[in-house]
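S.K.:
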Amino acid sequence: MIWFIVFIVALGIELMTTALISIWFAIGSLFALASIWMGASILVQGIIFIVVSVLALILTKPYVEKKLLPKTKVEKTNVDALVGTKAIVTVEISNLHGNGEVQLDGKEWTARSVNEESISVGETVIVERIEGVKAIVSRLKEERGE
Numbered sequence: 000m001i002w003f004i005v006f007i008v009a010l011g012i013e014l015m016t017t018a019l020i021s022i023w024f025a026i027g028s029l030f031a032l033a034s035i036w037m038g039a040s041i042l043v044q045g046i047i048f049i050v051v052s053v054l055a056l057i058l059t060k061p062y063v064e065k066k067l068l069p070k071t072k073v074e075k076t077n078v079d080a081l082v083g084t085k086a087i088v089t090v091e092i093s094n095l096h097g098n099g100e101v102q103l104d105g106k107e108w109t110a111r112s113v114n115e116e117s118i119s120v121g122e123t124v125i126v127e128r129i130e131g132v133k134a135i136v137s138r139l140k141e142e143r144g145e
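If you read the sequence shown in numbering that gives the first Met the number 0, its first letter stands for residue 0, the second for the next number, and so on.
Dropping the structure here:
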């Protein structure tokens, strides 16, 4: 009777959480319940419960998680979404003089060069990263002549 209760409780927890937390214990309790009909002592039933639960966890959890749990895709938002996009230089970029702007996503951004080189007005650049309110950019390879 105890293994049936363990099975119901473990299954109930699993149905409430759907996080693959207690399903392994439900499987172990079914095996322990079956061992009663074979005349196993409570000690043997407990050992069967533990061994089967642990084996079920070890052998099936990675596969089940891979197949059943939703794959979470990290969606870039706000400024993170700008990294890797192209921009047009509207004010010459010169880290030495502390000036430079780019047209990025329809807005003017203060810009600095990633490698300290000057970049002329009208050139296309790639946003490498955003630091505060500045776009850190580099020339497109085809604009460098590479």
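By construction, the Cβ of each residue, glycine as well, lies at the ideal position given by its N, Cα and C atoms.
Can the beta-carbon of E122 be found closer than 9 Å to that of V90?
M.R.: Against the sequence shown, residue 122 aligns to sequence position 123. Against the sequence shown, residue 90 aligns to sequence position 91. Their beta carbons are not under 9 Å apart, which means E122 does not touch V90 by this criterion.
S.K.: Write down every uninterrupted run of the beta strand (DSSP E) in the segment 77-139 whose length is 3 residues or greater and which is fully enclosed by it, in chain order.
M.R.: Counting only runs of 3 or more, we get 85-93, 98-103, 106-112, 123-130, 133-138.
S.K.: Thinking I129 and V136 are a contact (beta carbons under 8 Å), I'd like their distance in whole angstroms, please.
M.R.: Locating residue 129 in the sequence shown gives position 130, where the first residue counts as 1. Locating residue 136 in the sequence shown gives position 137, where the first residue counts as 1. Between V136 and I129 the Cβ distance is about 10 Å, and since that is not below 8 Å, they are no contact.
S.K.: Count the other CB atoms within 10 Å of the CB of E107; is the residue buried (16 or more) or exposed (fewer)?
M.R.: Locating residue 107 in the sequence shown gives position 108, where the first residue counts as 1. It counts as exposed.
S.K.: Can you look up A9 in the DSSP assignment and give me helix, strand or coil?
M.R.: Here residue 9 corresponds to residue number 10 of the sequence shown, with the count starting at 1. Three-state result, A9: helix.
S.K.: With a threshold of 16 other CB atoms inside 10 Å of the CB of A25, please say whether the residue is buried or exposed.
M.R.: By 1-based counting over the sequence shown, the position of residue 25 is 26. Counting Cβ neighbours within 10 Å, A25 comes out buried, since at least 16 surround it.
S.K.: Do you know offhand how far F30's Cα is from V82's?
M.R.: As a working note, residue 30 is residue 31 in the sequence shown. As a working note, residue 82 is residue 83 in the sequence shown. In a straight line, the C-alpha of F30 is about 54 Å away from that of V82.
S.K.: Would you kindly work out how many angstroms separate the C-alpha atoms of F48 and I57, rounded to a whole number?
M.R.: In the sequence shown, residue 48 corresponds to position 49, counting from 1. In the sequence shown, residue 57 corresponds to position 58, counting from 1. Straight-line Cα distance between these residues: approximately 14 Å.
S.K.: Give every residue of the same chain whose Cβ lies closer than 8 Å to the Cβ of K133, excluding the five residues on either side of it in the sequence, and list them in chain order.
M.R.: Position 134 of the sequence shown, counted from the start, is the residue given in the question as residue 133. W108, T109, A110, R111, listed in sequence order.
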